[in-house]
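The next block holds one structure in the form of structure tokens; read it before the comments.
Residue numbers (our numbering): 1 to 197.
Below is the structure:
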């Protein structure tokens, strides 16, 4: 399943998604911990920002100039309505490039949607987009392979490397692991926080 197809699937559930996550605090303690590790609070990137809910809000409230990228037009329309001062980009993180260096990059439940063959490249690229002492937070599936799932009747592609491979990629890209936790046991959902330099 290509990222553009993922975007179309999310387009169909964007209104439901926005309402469902309106009061959700899932992941916020990790996001706040990552923000607290930042040496500077200037530029932030939210990969797979969706409707610009809790993550974008936390980053804006912490004083960051935020860029959000997502493959769903309808999700971004809601995000733009909710956050007028944020730079939202319709794009695929597999091919998107930026000349900016970010003080924090968050990819919460978004890397799982990229093609399996792109996992290593995208993880390296995100680490490479960090400023010195920049913080990266990603969530992964921790089980190597591809699975298909459904949400609100729509089919979604998921892929992941095993957690040790993500740690190897991050280390080779100059990021040291600060935290690795399974936060949704018994599901294979892993939070990794790293710092560059």
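Glycine residues also receive a C-beta, built at the ideal position from the N, C-alpha and C atoms.
Provide the residue(s) that pair with residue i in DSSP beta bridges, ordered along the chain.
{"i": "residue 107", "result": "138"}
{"i": "residue 12", "result": "The partner list for residue 12 (beta bridge, DSSP) is empty, contrary to what the question assumes."}
{"i": "residue 196", "result": "175"}
Between the alpha carbons of residue i and residue j, how many angstroms are there, rounded?
{"i": "residue 129", "j": "residue 102", "result": "6 Å"}
{"i": "residue 38", "j": "residue 80", "result": "26 Å"}
{"i": "residue 27", "j": "residue 171", "result": "24 Å"}
{"i": "residue 31", "j": "residue 14", "result": "22 Å"}
{"i": "residue 114", "j": "residue 100", "result": "22 Å"}
{"i": "residue 62", "j": "residue 143", "result": "33 Å"}
{"i": "residue 176", "j": "residue 141", "result": "20 Å"}
{"i": "residue 203", "j": "residue 40", "result": "The structure shown does not extend to residue 203, since the chain is modelled only from 1 to 197, so the question has no answer here."}
{"i": "residue 47", "j": "residue 109", "result": "9 Å"}
{"i": "residue 164", "j": "residue 95", "result": "25 Å"}
{"i": "residue 16", "j": "residue 1", "result": "22 Å"}
{"i": "residue 166", "j": "residue 173", "result": "11 Å"}
{"i": "residue 42", "j": "residue 116", "result": "32 Å"}
{"i": "residue 153", "j": "residue 189", "result": "22 Å"}
{"i": "residue 127", "j": "residue 195", "result": "9 Å"}
{"i": "residue 60", "j": "residue 49", "result": "13 Å"}
{"i": "residue 187", "j": "residue 84", "result": "35 Å"}
{"i": "residue 69", "j": "residue 185", "result": "28 Å"}
Could you pull out every residue in the same chain whose Cβ sits closer than 6 Å to the Cβ of residue i, ignoring the five residues on either side in sequence?
{"i": "residue 45", "result": "67, 102 and 105"}
{"i": "residue 119", "result": "161"}
{"i": "residue 82", "result": "52"}
{"i": "residue 137", "result": "34, 106 and 193"}
{"i": "residue 191", "result": "30, 139, 181 and 183"}
{"i": "residue 92", "result": "3 and 71"}
{"i": "residue 197", "result": "132 and 133"}
{"i": "residue 146", "result": "116 and 159"}
{"i": "residue 64", "result": "41 and 44"}
{"i": "residue 135", "result": "34, 37, 38, 104 and 195"}
Looking only at its own chain, which residues have a Cβ that is under 8 Å from the Cβ of residue i, when we skip the five neighbours before and after it?
{"i": "residue 11", "result": "72, 73, 74 and 75"}
{"i": "residue 112", "result": "139, 140, 141, 158, 159 and 160"}
{"i": "residue 156", "result": "1, 6, 9, 113, 148, 149 and 150"}
{"i": "residue 179", "result": "30, 33, 191, 192 and 193"}
Let me see if you follow: with CB-CB separation under 8 Å, is residue i close to chain B or not?
{"i": "residue 84", "result": "Structure shown: chain B not included; a single protein chain is present."}
Spatial neighbours of residue i within its chain, please: CB distance less than 7 Å, with the 5 preceding and 5 following residues excluded, ordered by chain position.
{"i": "residue 18", "result": "51 and 78"}
{"i": "residue 169", "result": "120, 123 and 124"}
{"i": "residue 25", "result": "54"}
Handout entry: Length at least 3, wholly inside the region 34-119: the beta strand (DSSP E) runs in chain order
Key = 43-47, 65-70, 87-90 and 102-107
Problem - Complete beta strand (DSSP E) runs within the region 119-194 (minimum length 3 residues, chain order) - result: 130-140, 145-151, 154-160 and 175-182
Exercise for the section: Would you check if there are 3 or more beta carbon pairs closer than 8 Å linking the region 83-101 to the region 45-62? Expected result: yes
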